[in-house]
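A short write-up of the structure that comes next.
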Amino acid sequence: MSSIILNGDTSGSITVSAPSVAGTNTVTLPQASGQLMVSGNMPAFSAYFSGSQSYTTNTYTKVQINTKNFDTANCFDSTTNYRFTPNVAGYYNLMGLISTDNGTYIETDIYKNGSKIALSQSANRYGVTLNQLVYMNGTTDYVELYAFVTTAGSFQSGLCYFQGNLVRSA
Numbered sequence: 006m007s008s009i010i011l012n013g014d015t016s017g018s019i020t021v022s023a024p025s026v027a028g029t030n031t032v033t034l035p036q037a038s039g040q041l042m043v044s045g046n047m048p049a050f051s052a053y054f055s056g057s058q059s060y061t062t063n064t065y066t067k068v069q070i071n072t073k074n075f076d077t078a079n080c081f082d083s084t085t086n087y088r089f090t091p092n093v094a095g096y097y098n099l100m101g102l103i104s105t106d107n108g109t110y111i112e113t114d115i116y117k118n119g120s121k122i123a124l125s126q127s128a129n130r131y132g133v134t135l136n137q138l139v140y141m142n143g144t145t146d147y148v149e150l151y152a153f154v155t156t157a158g159s160f161q162s163g164l165c166y167f168q169g170n171l172v173r174s175a
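Going by this note's numbering, the sequence shown opens with residue 6, and the numbers climb by one from there.
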């Protein structure tokens, strides 16, 4: 097996090794500058609502997504603001789902920096999934999951989700 070793300016080195199989292997790097993204430094999170939270009828309510499945870059706040603030600028795929114990109309909303940017509607209490591709600047931009429900009730514990991952850096 052959290797190429790149030494850093101040510390460490990077070793690129070719696989031990016959044939030609080509890696093409794009003509771009910036941070190289690999699976280890691409922010991603999956979190859900756990507990008890009522909402006000016909009012946009932030869902207190308070339990993390995972948060690869520690960018999701599940204790205070219930929001995702990524630390890498780029394009993020976001998914939200709202489920209630009652409701004739449910709207699942994604808010960016306090303003609604996407919505999905359902005519039953189980809501609908919402997917949205969003650019985020990696420093101050944040996203949150909101709901609008026409019938009084509460969110279903374990059945409201918010997830996201970096698709491409800026």
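Heads up, the beta-carbon is just placed ideally off N, CA and C, and yes, glycines get one too.
As the structure is a prediction and not an experimental result, all values here were calculated from the model.
So, is residue i buried or exposed, given that buried needs 16 or more other C-beta atoms within 10 angstroms?
i, result
"serine 83", "buried"
"proline 24", "exposed"
"tyrosine 60", "buried"
"leucine 138", "exposed"
"leucine 11", "exposed"
"glutamine 69", "buried"
"threonine 113", "buried"
"alanine 27", "exposed"
"glycine 119", "exposed"
"glycine 17", "exposed"
"alanine 175", "exposed"
My output table needs one value for residue i: the three-state DSSP class, helix, strand or coil.
i, result
"asparagine 79", "coil"
"asparagine 98", "strand"
"asparagine 136", "strand"
"asparagine 74", "strand"
"asparagine 92", "coil"
"asparagine 12", "strand"
How many whole angstroms separate the CB atoms of residue i and residue j, which I take to be in contact at a CB cut-off of 8 Å?
i, j, result
"threonine 66", "alanine 152", "6 Å"
"glycine 101", "phenylalanine 160", "At roughly 12 Å, the Cβ-Cβ gap does not stay under 8 Å, so glycine 101 and phenylalanine 160 are not in contact."
"isoleucine 111", "leucine 135", "Contact doesn't hold; Cβ gap of about 11 Å is too wide."
"asparagine 74", "tyrosine 53", "7 Å"
"threonine 156", "asparagine 107", "5 Å"
"glycine 169", "phenylalanine 50", "6 Å"
Looking only at its chain, what residues have a beta carbon closer than 6 Å to the beta carbon of residue i, apart from the 5 residues adjacent to it on each side?
i, result
"serine 104", "Tyr131, Gly132, Gln161, Leu164, Cys165"
"tyrosine 147", "Arg88, Thr90"
"tyrosine 140", "Tyr96"
"threonine 15", "none"
Please go through the same chain and pick out, in chain order, the residues whose beta-carbon is closer than 8 Å to the beta-carbon of residue i, but skip the five residues on each side of it.
i, result
"serine 8", "Thr20, Val21, Ser22, Ala23"
"threonine 64", "Phe153"
Can you list, in chain order, the residues of its chain with a C-beta nearer than 7 Å to that of residue i? Leave out the 5 residues immediately preceding and following it.
i, result
"arginine 173", "Gly95, Tyr96"
"glycine 56", "Asn71, Ser162"
"glutamate 149", "Lys67, Tyr87, Arg88, Tyr116"
Next on the checklist: I'd like the ranges of any alpha helix (DSSP H) spanning at least 4 consecutive residues and lying wholly in the region 111 to 175.
Outcome noted: none
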